[in-house]
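Report on the following structure.
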């Protein structure tokens with residue numbers, strides 16, 4: 150009889166443990182699925198001003214971020230140097246169309262980009278020939294990282310709200 154009671158106790162403990170484990174597994178699964186859905190990136194779309202102007206906030210956000218990215222490249226490669234990429238972009242790219250009525254002043258995006266480039270840390274790469282990396286830095290990588298950052302999202306939303314307030318007044 151004593152053995153039966155012990156076996157019964159063991160089985161009930163095991164069942165309670167398994168119930169707790171199932172609950173823990175369910176919670177972990179839910180958290181994994183939920184956390185992955187939060188970090189989802191939007192699907193790639195080609196720029197189409199006609200469709201995006203229907204959603205002014207999205208259109209404004211993309212234009213603001215694009216301008217900061219372009220200015221970041223400009224400052225990274227040097228304003229006073231022969232910035233060939235910038236000249237080519239100006240000739241071939243419809244970067245900022247003239248029909249855009251609500252772009253924030255150039256100086257705001259310019260100051261943001263200057264700050265990003267001026268805060269670039271010195272490059273540290275283990276390389277036998279330091280002359281190969283002298284005067285170089287991760288400019289495009291830094292500008293792209295900032296373009297995708299939450300910080301730029303916050304800045305863009307802040308200036309979009311300012312723009313809306315100015316339009317109401």
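In the working numbering, the protein residues as written are 150 to 318. For glycine and all other residues, C-beta sits at the position ideal for the given N, C-alpha and C. Only a predicted model underlies this, so the values are computations on that prediction, with no experimental measurement involved.
For residue i, count neighbouring C-beta atoms within 10 Å of its own C-beta (all shown protein chains included) and say buried if the count is 16 or more, exposed if not.
i: residue 247; result: Residue confidence for residue 247 is low, a pLDDT of 41 falling below 50, so the modelled location carries little weight and cannot support an answer.
i: residue 214; result: buried
i: residue 272; result: exposed
i: residue 179; result: exposed
i: residue 175; result: exposed
i: residue 223; result: buried
Here's a check: name, in chain order, each residue in its chain whose Cβ is nearer than 7 Å to the Cβ of residue i, leaving out the five neighbours to either side.
i: residue 290; result: none
i: residue 309; result: 206, 209 and 210
i: residue 158; result: none
Can you tell which of the options has the C-alpha that lies nearest to the C-alpha of residue i?
i: residue 221; options: 278, 206 and 256; result: 256
Taking the C-alpha atoms as reference points, what is the distance between residue i and residue j?
i: residue 300; j: residue 163; result: 49 Å
i: residue 225; j: residue 170; result: 53 Å
i: residue 318; j: residue 311; result: 11 Å
i: residue 295; j: residue 218; result: 8 Å
i: residue 165; j: residue 156; result: 14 Å
i: residue 293; j: residue 264; result: 15 Å
Once the 5 residues before and after residue i are set aside, which same chain residues still bring their CB inside 6 Å of it?
i: residue 314; result: none
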